[in-house]
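So the sequences go chain by chain: A and B.
Okay, so the first sequence: first residue is 102 according to the numbering used here, each after it adds one.
Okay, so the second sequence: first residue is 102 according to the numbering used here, each after it adds one.
The beta-carbon is built from N, C-alpha and C at its ideal position, and this holds for glycine as well.
Number of protein chains: 2
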Amino acid sequence: MIKVIAKSIIKDGELEKVINLYDELVQKTRQEDGCISYELFQDINNENILTIVEQWESEEHLETHKKTVHFTRIVPQISDKRLNSEINILHKIK
Amino acid sequence: MIKVIAKSIIKDGELEKVINLYDELVQKTRQEDGCISYELFQDINNENILTIVEQWESEEHLETHKKTVHFTRIVPQISDKRLNSEINILHKIK
């Protein structure tokens with residue numbers, strides 16, 4: 102099992118549009134094979150910081166996810182509306 | 102419910118010591134009132150990036166956690182062995 106943490110800082114004025122895009126991405130991704138969980142969080146101290154926390158059965162499932170029609174259509178639209186992002190792929194050690 | 106993501110970049114040569122410190126922190130924190138989960142992850146692309154992912158019933162429980170004897174004893178020892186850290190407190194929106 103792997104965990105993905107994808108943190109984005111959204112441009113001012115784009116938050117509502119980005120949350121709507123993530124909403125569709127969340128709904129479609131949860132139906133994918135190998136997706137254990139896929140959730141959207143907002144920073145309590147800065148509403149423009151959004152974080153997706155994902156759990157996948159394997160790296161192969163994650164790679165397949167990145168090639169889906171919904172990912173390749175929605176993620177570039179989100180990317181246009183964020184100042185930056187950082188993605189970490191993790192495995193549990195404790 | 103709130104989630105905390107605490108990401109640290111550990112100094113070269115200090116990783117084993119830090120994981121041992123986190124091991125004690127994880128065991129003791131999981132016994133605290135209001136702690137839903139408290140897990141340690143390692144980045145699959147950089148072993149020196151460690152991330153604690155925490156879930157707490159409330160911000161009040163998180164604040165109490167920061168005053169515990171184990172937190173105030175162990176966290177400064179970890180801080181000495183990391184290059185930097187970033188902590189985000191999140192609430193789920195989707």
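_According to DSSP, simplified to helix, strand and coil, what is A/K108?_
The residue you call residue 108 of chain A lines up with position 7 of the first sequence. It is a strand residue.
_I need the DSSP call for B/K193, collapsed to helix, strand or coil._
Looking up residue 193 of chain B in the second sequence gives position 92. Here B/K193 sits in strand by DSSP.
*Helix, strand or coil for B/R61 per DSSP?*
Outside the displayed range of chain B (102 to 195) lies residue 61 of chain B, so it cannot be described from this structure.
_C-beta atoms of B/H162 and B/D134 nearer than 8 angstroms_ = Stepping through the second sequence from its first residue, residue 162 of chain B is reached at position 61. Stepping through the second sequence from its first residue, residue 134 of chain B is reached at position 33. In contact: B/H162 and B/D134 (Cβ atoms closer than 8 angstroms).
*asked:* Let me see if you follow: with CB-CB separation under 8 angstroms, is B/T152 close to chain A or not?
replied: In the second sequence, the residue the question calls residue 152 of chain B occupies position 51. With 8 angstroms as the cut-off, B/T152 counts as an interface residue toward chain A.
_8 angstroms Cβ cutoff met for A/Q156 and A/L122_ = Along the first sequence, read from residue 1 onward, the residue named residue 156 of chain A stands at position 55. Along the first sequence, read from residue 1 onward, the residue named residue 122 of chain A stands at position 21. Against a cut-off of 8 angstroms, the Cβ pair of A/L122 and A/Q156 comes out as no contact.
*Can you grab the Cα-Cα spacing for the pair A/K129 / A/N189, in whole Å?*
As a first step, residue 129 of chain A is located in the first sequence; it is residue number 28 there, counting from the start. As a first step, residue 189 of chain A is located in the first sequence; it is residue number 88 there, counting from the start. The alpha-carbon atoms of A/K129 and A/N189 are separated by roughly 21 angstroms.
*Could you tell me the boundaries of the beta strand (DSSP E) in which A/D144 lies?*
Counting from one through the first sequence, the residue named residue 144 of chain A turns up at place 43. Annotation: the continuous beta strand (DSSP E) that includes A/D144 extends over 136-144.
*For A/S138, collect the residues of the same chain with a Cβ closer than 6 angstroms to its Cβ; drop the 5 residues on either side in sequence, then sort them by chain order.*
The sequence position of residue 138 of chain A within the first sequence is 37, counting from 1. The answer, listed in chain order, is Q156.
*Contacts of B/K104 in chain A (Cβ-Cβ under 8 angstroms)*: Counting from 1 along the second sequence, the entry for residue 104 of chain B is found at position 3. Contacts between B/K104 and chain A, judged by CB atoms closer than 8 angstroms, involve F142, V154 in chain order.
*Say whether chain A places a C-beta atom closer than 8 angstroms to the C-beta of B/V76.*
Since the first residue shown for chain B is 102 and the last is 195, residue 76 of chain B is missing from the structure and cannot be characterised.
*What do you get for B/K108, buried or exposed, if any count of 16 or more other CB atoms within 10 angstroms of its CB means buried?*
For the purposes of this step, residue 108 of chain B is taken as residue 7 along the second sequence, with counting starting at 1. Answer is buried; the Cβ neighbour count reaches 16.
*asked:* Please list the terminal residues of the continuous beta strand (DSSP E) segment that includes B/Q156.
replied: The count along the second sequence starts at 1 and reaches residue 156 of chain B at position 55. Following the DSSP letters along the chain, one finds B/Q156 inside the beta strand (DSSP E) bounded by residues 150-157.
*Would the C-beta of A/G114 count as close to the ligand PLP, meaning under 7 angstroms from any of its heavy atoms?*
What this structure holds is no ligand at all, so the ligand PLP is not there to describe.
*According to the Cβ coordinates, are B/L116 and B/N146 closer than 8 angstroms?*
Here residue 116 of chain B is taken as the residue at index 15 of the second sequence, counted from 1. Here residue 146 of chain B is taken as the residue at index 45 of the second sequence, counted from 1. No.
_Test: B/D134 CB closer than 8 angstroms to a CB of chain A_ = The sequence position of residue 134 of chain B within the second sequence is 33, counting from 1. No, B/D134 does not count as interfacial toward chain A.
*asked:* Is B/I145 close to chain A? Criterion is C-beta to C-beta, closer than 8 angstroms.
replied: As a first step, residue 145 of chain B is located in the second sequence; it is residue number 44 there, counting from the start. So, interface residue.
_Between B/N189 and chain A, is any beta-carbon pair separated by less than 8 angstroms?_
Within the second sequence, numbered from 1, the residue matching residue 189 of chain B stands at position 88. Flagged as an interface residue toward chain A: B/N189, by a C-beta distance shorter than 8 angstroms.
*May I have the straight-line CA-CA distance separating B/D113 from A/I111, to the nearest angstrom?*
As a position in the second sequence, residue 113 of chain B is number 12, starting the count at 1. As a position in the first sequence, residue 111 of chain A is number 10, starting the count at 1. The straight-line gap from Cα to Cα measures roughly 33 angstroms.
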